[in-house]
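These notes are about the structure you will find just below.
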Amino acid sequence: MSNPFSYAPALESRGIVNLQPSYGLFINGEFVDGAGSSFKTINPATEEVLAEVSEADAADVDKAVKAARRAHTRVWGKMPGRERAKYLYRIARIIQERGRELAVLETLDNGKPIKEARDVDVPIVAAHFFYYAGWADKLEHSGFGTRSLGVAAQVIPWNFPLLMLAWKIAPALAAGNTVVLKPAETTPLTALLFAEICQQADLPAGVVNIVTGAGATGQALIAHEDVDKVAFTGSTEVGKAIARVVAGTEKRVTLELGGKAANIVFDDAPLDQAIEGIVNGIFFNQGHVCCAGSRLLVQESVADEVLERLKSRMTSLRVGDPLDKNTDIGAINSAEQLARIRELAEIGETETGGGRWSPACELPSQGFWFPPTVFTGVTQAHRIAREEIFGPVLSVLTFRTPTEAVEKANNTPYGLSAGIWTEKGSRILWMADQLRAGVVWANTFNKFDPTSPFGGYKESGYGREGGRHGLEGYLKGAE
Amino acid sequence: MAGRIDVRKTYKLFIGGAFPRSESGYSYVVNDAKGQFMANASLASRKDGRDAVVAARKAFGGWSARTAYNRAQILYRIAEVMEDRRPQFVDAVFRSEGGSVARANKVVDEAIDRLVWYAGWADKITQVVGGANPVAGPFFNLSSPEPTGVVAVLAPQESSLLGLVSVVAPAITTGNTVVVVSSHERPLPAVTFAEVLATSDVPGGVVNILTGSAATVGPWLAAHMDVNAIDLTGIAGDADLARNLEIAAADNLKRVRRAPAAEPDWSQDPGTSAMTWLLETKTVWHPIGL
Amino acid sequence: MTDTSTTTAAAAYDDVTSSDSTLRRFLHGLPGVDQVGAEARAASLGTRSIKTSAKEFAIDLAIRMVDLTTLEGADTVGKVTALANKAMRPDPADPSCPQAAAVCVYPDMVATAKQVLSSSGIKVAAVATAFPSGRAAMDIKLADTRDAVEAGADEIDMVIDRGAFLSGRYLQVFEEIQAVKQACGQAHLKVIFETGELQTYDNVRRVSWLAMLAGADFIKTSTGKVQPAATLPVTLVMLEAVRDFRAATGQMVGVKPAGGIRNTKEAIKYLVMVNEVAGSDWLDPDWFRFGASSLLNDLLMQRTKMQTGRYSGPDYFTLD
């Protein structure tokens with residue numbers, strides 16, 4: 014029987030976004046044409062070309078680094094902290110004012126549901142600038158001194174384009190550094206709109222530079238000999254490559270990389286909230302989340318019940334047009350990522366002998382889509398339990414005792430995040446103590462806040478972003 | 361002492377609380393600062409490095425789970441036992457590093473005092489670098505530092521005791537376990553230090569001391585996938601080796617303390633950075649509700 | 127989901143309700159509710175955007191679910207008569223406007239309401255059992271119930287003894303509900319928890335199961351006399367309970383948030399929650415009700431807006 018209460022389309026208007034046919038690079042306070050070629054950025058939900066974007070080559074990168082160096086030496090590096098603070102506050106305010114525009118643009122370029130771009134990404138972006146604005150004139154209390162590093166080269170991923178930009182730029186600028194940031198090639202547009210916001214805020218030229226492009230642009234940037242700092246968020250594989258590139262240099266590095274988080278559900282968990290936490294953990298942002306709870310570890314005694322409830326909950330997930338305000342799961346960001354998810358899902362199907370399940374859902378014919386998927390019968394030996402899929406794919410494993418749960422959770426080269434669901438307080442604290450992960454969510458999941466340090470153990474990277482800790486990567490240290 | 365043949369000591373490695381000879385069977389001649397023969401020391405091989413990592417990993421769970429107070433007590437105990445054996449350390453430093461006896465006395469004093477200083481840090485660093493985060497929501501949110509794990513330390517070549525203590529103590533006071541490659545040419549103070557560790561309530565495997573060449577063992581430790589961090593201080597000035605080890609360390613994203621251009625002046629106030637680079641910040645969230 | 131008959135369902139839980147201690151063990155063995163998580167889920171459902179055809183459907187459904195309520199010391203025959211008329215013809219100007227589900231009054235007003243509503247199909251609900259505090263002897267509560275039923279009430283809205291519940295005398299609460307249920311005869315029983323006095327969502331989940339095991343046809347949040355009355359998260363927890371109860375026993379139980387729901391936007395949030403938490407089977411006045419008075423006029427105004435494309439004003443809708 015069909016549901017009589019079917020939600021009519023509730024589309025967010027695209028009208029608020031003024032897309033230009035082509036975008037240049039943002040260097041020294043101006044949009045300039047790149048010397049290299051250009052590439053197209055598309056809407057992954059429709060495959061519609063949104064704009065042509067310049068691809069920065071090594072010479073462009075050099076110009077951007079030089080502009081950043083000049084700005085650091087002449088203006089930003091010696092500007093009193095309280096003045097820097099006011100620029101950051103301005104930026105934060107403009108982000109709030111232009112929040113809907115940023116959210117819609119993010120959804121168009123990234124494929125994430127508008128409700129997430131609107132309710133999660135953009136508010137946290139503004140909050141991040143507000144938070145670090147306040148640090149700019151209080152660095153002597155940070156514990157890391159007041160001396161900035163200089164020019165920061167920042168390379169960010171496509172899963173949270175604007176949010177990752179904020180995590181990189183806000184602390185860097187607060188500490189007195191200038192930046193050259195490269196957004197991901199599939200999601201450059203909000204970074205370019207941010208460049209416009211910098212202009213609107215009258216931020217001195219060269220303090221923020223945005224160079225668009227793919228891997229080669231990023232390599233040129235991090236390898237540039239005049240950068241003092243490299244900050245990267247992305248895959249562990251690329252993170253390792255960056256660590257090798259900066260080896261033997263004076264460059265400071267922070268890396269925020271992959272994960273394969275365990276979300277651990279005990280038999281005494283608040284079940285309905287745990288189900289929400291599982292769903293949020295793996296289906297938020299299509300599972301394109303480094304700290305996604307991609308391994309569900311559920312106590313055997315409640316495994317069947319949890320699974321049944323989870324499946325039932327998954328049937329109410331709405332997959333489709335990211336601009337529809339009722340969409341829960343949007344488009345996969347790129348054809349390449351979709352292929353990767355498909356490949357691993359097929360491997361999972363073989364490994365688990367058909368333990369794959371998805372709710373019935375109609376996927377649009379255009380664009381890149383993958384249904385929310387659960388694999389049961391997964392063991393630690395399976396690739397889908399070890400490799401980061403970075404998609405809406407959950408692997409379900411079981412455990413019998415807390416010790417076994419910890420052993421399985423920690424049995425990975427990653428160590429970014431973990432989840433614990435139990436109503437027993439002392440067990441939460443014991444588990445939190447044992448888990449080798451930088452962020453532990455107990456009876457909640459995927460919560461972020463500018464004041465809360467984020468970052469991983471082991472191969473999930475080093476350094477922390479957010480909070481006082483987030484300043485460490487941008488200051489020279491106590492005098 | 362004419363007429364008496366002195367008993368020469370063969371110096372061994374310190375792994376997992378025991379004093380084995382090098383698995384390879386190799387040893388090397390250690391001369392004093394004047395170039396006179398002092399002793400034979402075991403020449404650590406890559407397999408000794410491997411065994412030491414296994415021992416350090418095995419010890420990590422227990423050591424990191426000790427209360428900070430207990431770690432502080434044990435570090436203080438090391439200082440006490442060192443004080444007890446002051447003359448031996450003075451002699452080892454004087455013969456290894458040369459200079460005057462007065463200088464050697466001063467070095468030993470500083471090494472012991474440094475241990476006392478780090479002992480006190482065990483139960484204070486958490487409050488200095490961790491704390492509650494005022495998130496914008498109904499959540500309890502706390503960041504605390506935790507030890508990163510097994511740390512490979514290439515100890516300073518020149519400062520064989522004070523330098524050694526200055527790189528080992530910050531690692532263990534914060535709950536890490538270490539595999540340290542001593543000064544190659546001046547291993548004696550390290551071996552004496554090992555003997556102190558063995559009698560100071562330090563659990564076996566928390567500190568493992570290999571005598572030998574950082575250039576030989578270092579690359580294996582840098583590439584070892586079960587080592588979480590590497591301190592390259594001991595290859596100060598060797599930019600090529602340092603770069604290569606840093607590249608090897610990238611294989612599992614070890615935390616790296618880079619090799620300085622020249623060995624630091626160990627008499628300076630060390631600050632907290634020798635500890636903080638070996639700490640992971642763990643942030644725990646929990647809802648606040650009825 | 128198996129379809130088990132009522133008797134089997136009850137029988138399956140006989141051991142649970144056999145003593146205070148078994149009942150306590152069962153209720154305290156239910157999964158806990160994390161306040162922050164439950165409230166976040168409710169808020170997230172509240173962000174659904176219900177437009178055009180879906181909104182029209184929701185408004186008409188909400189009107190059909192209203193238990194139009196007056197529970198004042200100042201109630202009179204005149205007031206109740208007017209209210210009953212309003213329930214039958216919420217929008218006199220528009221015959222296509224659906225009727226409300228029921229009129230909810232004190233027992234002494236049942237006869238009046240019944241007379242006006244006669245064959246309209248609109249139910250008469252009576253609050254009984256020494257509403258709203260429930261602080262009376264058991265025989266008085268039962269007499270109150272019988273009185274209302276004899277006067278023609280189709281539905282009885284009873285209050286539980288919150289004092290007994292909060293002090294852990296679960297079996298006493300259970301037996302009281304059973305006794306009132308018996309006194310109801312053919313009348314449907316709604317059990318009011320007064321969730322504002324129970325404080326925690328854990329208590330809401332426990333009392334929901336307690337009432338369902340005792341034979342409640344509906345579980346209801348509040349009397350409307352205590353703040354906070356109905357809230358989205360409280361209703362969420364109750365919807366989860368009826369969903370789980372059905373999965374366990376095959377039996378459906380209705381849910382009625384009451385008090386504090388004043389406008390269409392809010393009502394639609396409830397309907398979204400019903401839809402996505404309990405399921406579309408509950409999208410029916412037989413299984414979901416709004417205990418409200420001023421809500422109806424806002425629904426009517428929004429309905430008119432949907433039809434005419436312009437905003438209406440209170441002067442165009444009747445006061446009662």
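Note that the protein sequences, when read in sequence, are chains A, B and C. Residue 14 is where the first sequence starts when you use our numbering, and the numbers rise one by one after that. Residue 361 is where the second sequence starts when you use our numbering, and the numbers rise one by one after that. Residue 127 is where the third sequence starts when you use our numbering, and the numbers rise one by one after that. The beta carbon of each residue, even a glycine, is placed where N, CA and C say it ideally should be. Treat the numbers as computed from the prediction; the structure is a model and nothing was measured.
Proximity test, Cβ basis, 9 Å: residue i and chain C
| i | result |
| --- | --- |
| Ile485/B | no |
| Arg502/B | Residue 502/B is actually Leu in this sequence, not Arg. Not one chain C Cβ lies under 9 Å of Leu502/B. |
| Ala274/A | no |
| Thr641/B | no |
| Pro494/B | no |
| Ala305/A | no |
| Thr411/A | no |
| Ala647/B | In the sequence on display, residue 647/B carries Pro and not Ala. Cβ-Cβ to chain C under 9 Å: yes for Pro647/B. |
| Ser19/A | yes |
| Leu109/A | It is worth fixing the name first, because residue 109/A is Gln in this sequence and not Leu. Output row for Gln109/A: interface = no. |
Pairwise C-alpha distance: residue j and residue i
| i | j | result |
| --- | --- | --- |
| Ala226/C | Pro17/A | 19 Å |
| Gly377/B | Ala550/B | 14 Å |
| Leu206/A | Ala398/A | 38 Å |
| Thr128/C | Arg372/C | Because the pLDDT at Thr128/C is just 39, under 50, the model does not fix this residue reliably, and the point stays unresolved. |
| Glu165/C | Val159/C | 10 Å |
| Arg295/C | Asp328/C | 16 Å |
| Phe319/C | Val489/B | 48 Å |
| Asp287/C | Ser348/C | 13 Å |
| Phe500/B | Val453/A | 12 Å |
| Trp89/A | Leu484/A | 16 Å |
| Ala450/A | Asn424/A | 11 Å |
| Ser131/C | Phe291/C | Note on Ser131/C: pLDDT 40, under 50, position unreliable in the model; no value is reported. |
Closer than 9 Å to chain A by CB, residue i
| i | result |
| --- | --- |
| Pro157/C | yes |
| Asn211/C | no |
| Ile375/B | no |
| Asn401/C | yes |
| Phe183/C | yes |
| Asp411/B | no |
| Ser179/C | yes |
| Ser526/B | no |
| Phe454/B | no |
Reference residue i, options the options, closest by Cα
| i | options | result |
| --- | --- | --- |
| Pro498/B | Asp132/A, Asn456/A, Gly476/A, Lys471/A | Asn456/A |
| Gly306/A | Leu410/A, Trp148/A, Pro174/A | Leu410/A |
| Met264/C | Val242/C, Glu301/C, Leu365/C | Glu301/C |
| Asp483/B | Ala496/B, Val527/B, Arg426/B | Arg426/B |
| Ala210/C | Thr375/C, Ala418/C, Cys230/C | Cys230/C |
| Asn389/C | Ala137/C, Val192/C, Ser144/C, Ser147/C | Val192/C |
| Asp141/C | Ile185/C, Asp283/C, Gly405/C, Leu339/C | Leu339/C |
| Leu315/C | Gln298/C, Phe291/C, Phe344/C | Phe344/C |
| Ser503/B | Leu557/B, Val510/B, Val495/B | Val495/B |
| Ile379/A | Gly37/A, Glu43/A, Ile55/A, Ile40/A | As written in the sequence, residue 379/A is Gln, which differs from the Ile given in the question. Here the closest residue by C-alpha is Ile55/A. |
Chain B contact for residue i (CB, 9 Å cutoff)
| i | result |
| --- | --- |
| His301/A | no |
| Lys151/A | no |
Contacting residues, own chain, Cβ-Cβ under 6 Å from residue i (five flanking each side not counted)
| i | result |
| --- | --- |
| Lys181/C | none |
| Ala384/C | Lys346, Thr347, Ser348, Gly350, Ala356, Gly417 |
| Ala140/A | Pro463 |
7 Å CB neighbourhood of residue i in its chain, flanking five on each side removed
| i | result |
| --- | --- |
| Lys338/A | Ala23, Glu25, Ile127, Lys128 |
| Gly311/C | Val275 |
| Thr361/C | Thr347, Val381, Pro383, Tyr396, Met399 |
TODO: Name, going along the chain, the residues of the stretch 341 to 368 of chain C whose beta-carbon falls closer than 9 Å to a beta-carbon of chain B.
DONE: none
TODO: Please name the residues in the stretch 142 to 166 of chain C whose beta-carbon is closer than 7 Å to at least one beta-carbon of chain B, in chain order.
DONE: Asp160, Gln161, Val162, Gly163
Task: Proximal residues, the stretch 366 to 398 of chain B versus chain A, C-beta separation under 7 Å - done: none
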